[in-house]
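**Student:** Residue numbers are given in our numbering: position 117 of the sequence shown equals residue 119, and the series is strictly consecutive. Encoded as structure tokens, here's the structure I'll be asking about.
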Amino acid sequence: MSVAEIILLGVGLSMDAFAAALCKGIAMKKWNAGYPLIIGGFFGAAQALMPIIGWFLGNNLRKYISAFDHWIAFVLLGYIGGKMIYDTLIDNKPEITLMDNVDFKEIFILSVATSIDALAVGVTLAFLNVNIILSVLIIGFTTFMLSCVGVSTGYLFGSKFEKQSSVTGGLILILIGVKILIQHIY
């Protein structure tokens with residue numbers, strides 16, 4: 003597998019993380035230049051860690067993981083998206099402070115949910131005799147960069163249409179979960 007192919011793999015794997023980061027940016031009410039770095043760091047780290055775990059699990063456990071990974075992603079993304087919509091429509095949130103924009107528990111859940119497919123990719127990379135260190139560095143960095151862009155773009159768009167953007171962002175997360183579920187069922 004060439005470096006160009008690994009970069010394309012990284013871009014493909016990072017699309018769900020990009021969409022989730024975009025949604026987080028849309029939901030932000032206040033801006034801090036560190037937010038894209040924090041959120042991008044979570045997504046990039048999770049996207050890099052999962053292929054390493056997959057690499058070590060090997061082919062024997064692949065059939066067990068692939069049997070339910072899509073359900074985990076579906077439930078986690080559905081929960082986060084639903085919570086986003088609920089919080090927006092109920093509008094019972096207290097005034098946000100700067101660090102309230104980055105809910106570390108929520109970002110962690112999103113980063114894991116959007117990187118579960120990378121676990122299976124890690125198993126595949128083990129059989130392709132690919133340099134796993136170079137691969138995870140490229141995948142992690144690509145996801146980090148695209149997530150930073152997603153947060154920034156989402157914030158710029160979301161600040162103009164705050165409520166509509168938050169509901170749309172929640173719906174996008176739910177739809178990503180549904181897409182993952184449908185792709186693995188059919």
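Virtual Cβ for every residue (Gly too), placed ideally from N, Cα, C. Keep in mind that this is a model prediction, so the values were computed, not measured.
1) Contact defined as beta carbons within less than 8 Å: I believe LEU121 pairs with GLY56. What is the distance between those atoms, to the nearest angstrom?
2) Where does MET30 sit, in a helix, a strand or coil, going by DSSP?
3) If you reduce the DSSP assignment to three classes, tell me which class PHE18 lands in.
4) Whose C-beta lies closer than 7 Å to the C-beta of GLY12 among residues of the same chain, with five residues either side of it excluded?
5) Could you name the residues of the same chain whose beta carbon sits closer than 8 Å to that of LYS95, not counting the 5 residues immediately before and after it, in chain order?
6) Let's see if you can read the secondary structure: which residues bound the alpha helix (DSSP H) around PHE159?
7) Within 10 angstroms of its Cβ, does ALA19 collect 16 or more other Cβ (buried), or is it exposed?
8) May I ask whether a heavy atom of the ligand ADP can be found less than 7 Å away from the beta carbon of MET147?
9) Are the CB atoms of MET3 and VAL132 nearer to each other than 8 Å?
10) ALA21 and ILE184 - do their beta-carbons sit closer together than 8 Å?
**Tutor:** Put simply:
1) 4 Å
2) coil
3) One point to set straight first is that residue 18 is Asp, not Phe, in the sequence displayed. If DSSP states are grouped into helix, strand and coil, ASP18 belongs with the helices.
4) ILE140, ILE141, THR144 and THR145
5) Confidence in LYS95 is poor, its pLDDT being 49 and thus under 50, which makes the residue's placement too unreliable to answer from.
6) 134 to 160
7) buried
8) Only the bare structure without any ligand can be found here, which leaves the ligand ADP out of the picture.
9) yes
10) no
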